[in-house]
Amino acid sequence: MLERIGISLEDGLLEQFDKLIAEKGYVNRSEAVRDLIRDALVQRAFTESSGREERVAVVTLVYDHDSSSLAQKLAHIQHENHRAVVSALHVHMDAHNCLEVLVLRGRGKDVVAMGESLVATKGVKYGKLVPATAGHDLR
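Residue numbers (UniProt numbering): 1 to 139.
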């Protein structure tokens, strides 16, 4: 069931929003607003979790593979937490840089701890832990 609501926005903000939804290819404002709400709910569920609930996240890392100790550290963290690693993608971006994308799943506190550990590893040029969802609580 859908329920219709109304919102008030300043002209400039609405213009920016309309431009954004056109660029992203939304068919209407409602779809864009629904996605914004879903994202806010996923973020809140992730940050307000007691840490025991199952959570899903994606970790993105960029690093110089020539640093063998760094690659070993990253692999060690993944092996220590192998139950949480659902999938890993390793891409050679150029002669020196690698992009690694990991999908993590497990207890919230474990997923966050592992993701933050990977991102904070010395030598990682770029790292980001992005909360995701298994979709159970979203419509």
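Heads up, the beta-carbon is just placed ideally off N, CA and C, and yes, glycines get one too.
For Val119, the secondary structure class from DSSP, reduced to helix, strand or coil, is helix.
Contact between Glu100 and His92 fails: their C-beta atoms lie close to 10 Å from each other, not under 8 Å. In this structure, the CA atom of Arg4 is about 38 Å from the CA atom of Thr60. Collapsing the DSSP output to three states places His76 in a helix. By DSSP's assignment, Ser50 forms no beta bridge with any residue.
Under the DSSP definition of a beta bridge, Arg55 partners with Gly106. Assigned with DSSP and collapsed to three states, Glu10 falls in coil, not helix or strand.
By the C-beta criterion, the region 67 to 87 is judged not to be in contact with the region 29 to 43, since fewer than 3 inter-stretch pairs fall below 8 Å. In this structure, Val130 keeps its C-beta atom at 8 Å or more from the C-beta atom of Arg55.
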